[in-house]
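Let me begin by presenting the structure, written as structure tokens, before commenting on it.
Quick look at the structure:
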């Protein structure tokens, strides 16, 4: 007892002697504590709490740049990009020098404004060559066509080697499709159906092989001959939205059409009173209910409807030797001799994207891949070329660590989102594409636990319009929700948020799906002239924040937004909140007329699209559109070598992602679990 009394008395004396310094130390302790709670809240997805903690930490110690950087990060993640950018620039203006921070600010500034308009004027350059023949190893030879896939991989059709090779995003062979015991006889093109079956044209075999994922033939379409349903020299292939198959035949100088089961439907392209006939049909493309066919000899593109009726001819006298056709946005890519052309049908303008010169020998087909590159098959060089926008090489990739889970330290789990400078997700990355360091020292083995693009499952919110106009369509709202449940089936989790005056969650994934339509319709009394779209959208985004699945918000609406729709949170803040967290917005209009420019803008900028329930096609394309939705979220795990000091030490972690000649980096940090 006496010892404790002396100890307490000593403390009181020290307090009196060093009162001023003690006040400074106390402020530092409080600042550190708030900073720690802010970092923890950020990693758990509690962004509002994180912002408040960082602000309190700054109030105790205003000259700490790391806290202000974290505050800027939390602002940006929350959609307040102006405030976040201002905070980061304020750190730099205070004299703090950090190369990563400077690059981050430059990237944020360059990605704002007229982003998509600037992209349209980009210059494409050769960046990488994937060689098919490497010493004694022959992975592919004489590639005619390369078909990018939605997961970042590529199908390469090897004409000389008689197989189709699957390459990963880095150009590493994964497997080969050889057609089983029968084999493939000089394959020329390959297109993949929605069910994963691969249609392969066999030029010398005069047929189309239908192969499963193991590479075996399950069906053969056509056969040598000139009669309807037979094939002679099949080359390029195309599928329409119903998965009818179109085959260009150089031997028969025509196009043959088959249904998805392989049943012959029709031929077209022969001479008629309306059309002079094809002489050397090559590339074929289905676009907007039309079939476009390149003719190498006539140096033009013939246009037909889906039934084969001739419509018109394009670009007569402007082409040299057109081969493969592919779509890139609103443009059509044309492989034309020693150059790559882009034709815009809407404006009827033709431009040269790339002059190959000596960089390539004989390119037959070029296609955009899912990560914003162009991939080209060079037949004579036995290689695949990767072309990238010149500006993308300078700006690189955008890498953001969304969350760090250190609860089981030394095991650390990172959630990392990778995109280009426009916010478009980068998919298909593997462990070898990531470099993780702590305090600039490389950690041990890094495992890729999860990549969102590999999982065909969605986390969704049905945000429901509660305007007085929407009340007139309560029954339609219910039918739309039933249709969504039917289309998505067991591939989506649903939440329903009522965007009334005070938005509320009225349905959760654990609730029985039978009550979902009723929760969507709700009582007529919930509809009001003071409904809050921005608050509802904010709540919907927050609900999806920490999900690792592909995320979507479906807004069921009568079509009109009130003037005060963005009174609490602005249009661009709402957009940034969704986009920075990988959420795509889909407005669904339940009325036969009426739409909103703001809703269309949110859909376009997040990668979504709008639907009108009363249209003949209704929501038929929704699942296909969702399946194409990309998400560049990766979950990495490693074992840390850092001491946490019982959870009190801040541990910096750096993550770099590399793809081809582009790279990006993020620097964050975490605390280990507190131990007392």
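Numbering (this note's numbering), first residue to last: 263 to 938. In this text, a Cβ means the ideal position worked out from N, Cα and C, and glycines have one as well.
Of the residues the options, the one placed nearest residue i, counting alpha carbons only
{"i": "residue 426", "options": "400, 542, 587, 432", "result": "400"}
{"i": "residue 933", "options": "305, 289, 292", "result": "305"}
{"i": "residue 794", "options": "808, 827, 786", "result": "827"}
{"i": "residue 685", "options": "352, 475, 868", "result": "868"}
{"i": "residue 624", "options": "613, 908, 819, 638", "result": "638"}
{"i": "residue 859", "options": "354, 822, 659, 805", "result": "822"}
{"i": "residue 453", "options": "447, 506, 767", "result": "506"}
{"i": "residue 818", "options": "898, 770, 733", "result": "733"}
{"i": "residue 719", "options": "462, 516, 814, 403", "result": "814"}
{"i": "residue 585", "options": "730, 641, 754", "result": "641"}
{"i": "residue 949", "options": "912, 386, 441, 394", "result": "Given a span of 263 to 938 for the chain in the structure shown, any question on residue 949 remains unanswerable."}
{"i": "residue 757", "options": "343, 472, 724", "result": "724"}
{"i": "residue 748", "options": "706, 885, 853", "result": "885"}
{"i": "residue 543", "options": "488, 850, 510, 535", "result": "510"}
{"i": "residue 599", "options": "589, 575, 593, 627", "result": "627"}
{"i": "residue 518", "options": "504, 561, 469", "result": "469"}
{"i": "residue 681", "options": "660, 664, 666, 693", "result": "660"}
{"i": "residue 596", "options": "621, 554, 571", "result": "554"}
Exposure label - residue i; buried when at least 16 CB within 10 Å
{"i": "residue 357", "result": "exposed"}
{"i": "residue 480", "result": "exposed"}
{"i": "residue 610", "result": "exposed"}
{"i": "residue 824", "result": "exposed"}
{"i": "residue 958", "result": "Outside the displayed span of the chain (263 to 938) sits residue 958, for which this structure offers no information."}
{"i": "residue 751", "result": "exposed"}
{"i": "residue 937", "result": "exposed"}
{"i": "residue 656", "result": "exposed"}
{"i": "residue 266", "result": "Its pLDDT being 38, under 50, residue 266 is placed unreliably in this model, and the coordinates cannot settle the point."}
{"i": "residue 423", "result": "buried"}
{"i": "residue 711", "result": "exposed"}
{"i": "residue 463", "result": "buried"}
{"i": "residue 443", "result": "exposed"}
{"i": "residue 840", "result": "buried"}
{"i": "residue 329", "result": "buried"}
{"i": "residue 346", "result": "buried"}
{"i": "residue 908", "result": "exposed"}
{"i": "residue 958", "result": "As shown, the chain starts at 263 and ends at 938. That puts residue 958 outside it, with no answer to give."}
{"i": "residue 377", "result": "In this predicted model, residue 377 has a pLDDT of only 48, less than 50, meaning its place in the structure is not dependable enough to derive any value."}
{"i": "residue 631", "result": "buried"}
{"i": "residue 761", "result": "buried"}
{"i": "residue 654", "result": "buried"}
{"i": "residue 362", "result": "exposed"}
{"i": "residue 633", "result": "buried"}
{"i": "residue 449", "result": "buried"}
Residue i - partner residues in DSSP beta bridges
{"i": "residue 648", "result": "390, 637"}
{"i": "residue 779", "result": "Note: residue 779 sits in no beta bridge, so no partner."}
{"i": "residue 552", "result": "549, 567"}
{"i": "residue 322", "result": "Answer is none; residue 322 lacks a bridge partner."}
{"i": "residue 410", "result": "416"}
{"i": "residue 422", "result": "The partner list for residue 422 (beta bridge, DSSP) is empty, contrary to what the question assumes."}
{"i": "residue 928", "result": "917"}
{"i": "residue 557", "result": "543, 562"}
{"i": "residue 520", "result": "507, 526"}
{"i": "residue 906", "result": "According to DSSP, residue 906 bridges with nothing at all."}
{"i": "residue 461", "result": "453, 472"}
{"i": "residue 857", "result": "For residue 857, which the question treats as bridged, DSSP gives no partner whatsoever."}
{"i": "residue 490", "result": "BP columns for residue 490 are empty, so no partner."}
{"i": "residue 606", "result": "593, 611"}
{"i": "residue 485", "result": "According to DSSP, residue 485 bridges with nothing at all."}
{"i": "residue 441", "result": "478"}
{"i": "residue 629", "result": "637"}
Whole-number beta carbon distance between residue j and residue i, since they are thought to touch under 8 Å
{"i": "residue 418", "j": "residue 646", "result": "6 Å"}
{"i": "residue 369", "j": "residue 695", "result": "Contact flag wrong, Cβ pair sits at about 19 Å."}
{"i": "residue 844", "j": "residue 679", "result": "6 Å"}
{"i": "residue 416", "j": "residue 408", "result": "5 Å"}
{"i": "residue 552", "j": "residue 566", "result": "7 Å"}
{"i": "residue 798", "j": "residue 765", "result": "4 Å"}
{"i": "residue 714", "j": "residue 811", "result": "6 Å"}
{"i": "residue 730", "j": "residue 896", "result": "So it is not a contact: roughly 45 Å between Cβ atoms."}
{"i": "residue 894", "j": "residue 689", "result": "6 Å"}
{"i": "residue 515", "j": "residue 539", "result": "7 Å"}
{"i": "residue 906", "j": "residue 673", "result": "Between residue 673 and residue 906 the Cβ distance is about 12 Å, and since that is not below 8 Å, they are no contact."}
Subject >> Length at least 3, wholly inside the region 566-600: the beta strand (DSSP E) runs in chain order >> reply: Listed in chain order, they are 572-576, 584-590, 593-598.
Subject >> alpha helix (DSSP H) runs contained entirely in the region 862-893, provided each spans 4 or more residues >> reply: Complete alpha helix (DSSP H) runs here, min 4: 884-889.
Original post:
Which residue spans inside the region 678-710 form an unbroken beta strand (DSSP E) run of at least 3?
Top reply: The region 678-710 contains, as complete beta strand (DSSP E) runs of 3+ residues, the segments 696-700 (chain order).
**OP:** For the region 754-803, list the alpha helix (DSSP H) runs that are entirely contained and at least 4 residues long, ordered along the chain.
**Re:** As far as the region 754-803 is concerned, its whole alpha helix (DSSP H) runs of at least 4 residues are 778-783.
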